[in-house]
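Numbering (the numbering used here), first residue to last: 7 to 341.
The block underneath contains the structure these notes are about, expressed in structure tokens.
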Ligand code: UDP
């Protein structure tokens with residue numbers, strides 16, 4: 007019989023693309039999302055959609071009783087470093103407090119397998135590059151701290167109750183697929199913001215600090231195509247479904263790109279000049295975050311299919327497509 011997977015945050019950018027891949031692989035999918043940051047239009051047909059909070063005990067209890075859930079993929083969380091620095095309580099409330107309530111409901115209902123979206127932000131300023139899973143986790147912003155605390159809760163639940171988990175520590179997700187792209191309100195992520203300039207929606211791109219100890223002074227990040235991320239979740243799911251023990255994996259291309267390099271690539275792909283304004287550092291930004299993805303390659307057989315240019319090109323196509331649609335509707339309105 008087909009297995010049923012509960013996906014929290016399945017209306018979000020990474021969640022909704024993973025949901026599509028799960029459907030393609032023949033899983034039954036239930037999406038639980040409170041739509042605080044996701045989009046209902048991103049949830050595909052063929053999925054049972056439940057609008058609700060992960061901490062809504064009544065709702066989660068009743069869905070767990072109604073469906074026989076085999077594994078959970080837990081995406082639902084807030085994910086802006088800057089916002090977490092400005093408003094830490096939002097992150098403690100949503101990512102930790104609600105997360106812990108959810109975990110306890112899973113335990114009560116004897117759900118024993120979970121995949122958790124964690125982050126390279128749990129490492130803080132790494133001592134060695136590329137970052138392996140053995141690196142000490144010392145987050146330097148509340149977002150990273152909330153992800154780390156939830157990781158620790160999973161470890162305790164494994165020791166105490168035999169919960170099996172796969173923690174996937176993402177580096178920077180990018181790109182578009184299935185007509186879904188990165189669209190956060192407000193947008194704070196680098197690539198979508200550069201496109202706003204290319205599309206004439208913003209005048210310039212602000213670089214958050216040029217005095218980092220990197221080659222060109224701007225922060226270096228490791229980007230990964232959202233489809234490669236989705237694939238890693240499928241492999242992790244298969245692994246847990248086949249009785250795998252709890253594991254932690256980093257997920258990135260293993261290649262670093264500076265903010266300036268990303269802006270240059272966007273300029274090249276969009277053929278639009280991107281004026282730049284240099285600003286001060288954003289609190290909570292480590293200078294250099296590059297993954298070692300050797301462990302997930304070796305243990306789950308994961309392999310990235312997409313390069314940096316594929317991510318920028320697919321994201322640009324998606325953003326431009328949106329603009330074309332907007333233009334069409336404006337024209338329609340004129341008639
Ligand atoms: N960044 C920037 N200008 C912006 C947005 C982001 O210089 O308008 C920088 C940001 O400070 C970080 C990098 O781009 O060094 C990636 O930031 P993003 O928010 O996309 O992802 P994060 O690494 O914080 O998850």
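All residues carry an ideal CB built from backbone N, CA and C; glycine is no exception.
- If you draw a straight line from the Cα of residue 151 to the Cα of residue 235, it comes to about 22 Å.
- Between the ligand UDP and the CB of residue 225, the shortest heavy atom gap is smaller than 7 Å.
- In its chain, beyond the 5 residues on either side, 210 have a beta carbon closer than 6 Å to the beta carbon of residue 281.
- In the structure shown, the three-state DSSP call for residue 238 is helix.
- Sequence-distant Cβ neighbours of residue 29 in its own chain, meaning closer than 8 Å and more than five residues away, are 35, 50, 52, 53.
- Non-local C-beta neighbours of residue 74 in its own chain, meaning closer than 8 Å and more than five positions away in sequence, comprise 10, ordered along the chain.
- Counting every other CB atom within 10 Å of its CB across the protein chains shown gives residue 134 a total below 16, marking it as exposed.
- Within the model, the alpha-carbon separation for residue 215 versus residue 12 is close to 40 Å.
- When DSSP reads this structure, residue 295 sits in a beta bridge with 227.
- Between residue 100 and residue 86, the C-beta spacing is not below 8 Å.
- For residue 76, the enclosing beta strand (DSSP E) has its first and last residue at 75–80.
- Nearest C-alpha to residue 283 among 294, 199, 306: 199.
- The beta carbons of residue 121 and residue 242 sit about 5 Å from each other, so the pair counts as a contact at 8 Å.
- Sixteen is the threshold: when 16 or more other Cβ atoms of the shown chains lie within 10 Å of the Cβ of residue 136, as they do, the residue is buried.
- In this structure residue 55 is not in contact with residue 174, their Cβ atoms being roughly 23 Å apart against a cut-off of 8 Å.
- The segment 311–322 makes no contact with the segment 154–161; the number of CB pairs closer than 8 Å stays below 3.
- Minimum Cα-Cα distance from residue 171 among the listed residues 245, 221, 193, 195 corresponds to 245.
- Per DSSP, the continuous alpha helix (DSSP H) segment holding residue 197 begins and ends at 196–204.
- Under the three-state reduction of DSSP, residue 143 is assigned to coil, being neither helix nor strand.
- Bounds of the beta strand (DSSP E) holding residue 12 are 10–14.
- Each residue's CA atom was taken as its position, placing residue 238 and residue 312 some 13 Å apart.
- In the DSSP annotation of this structure, the continuous segment of the alpha helix (DSSP H) that includes residue 23 starts and ends at 19–30.
- Here residue 305 is exposed: its Cβ has fewer than 16 other Cβ atoms, across all protein chains shown, within 10 Å.
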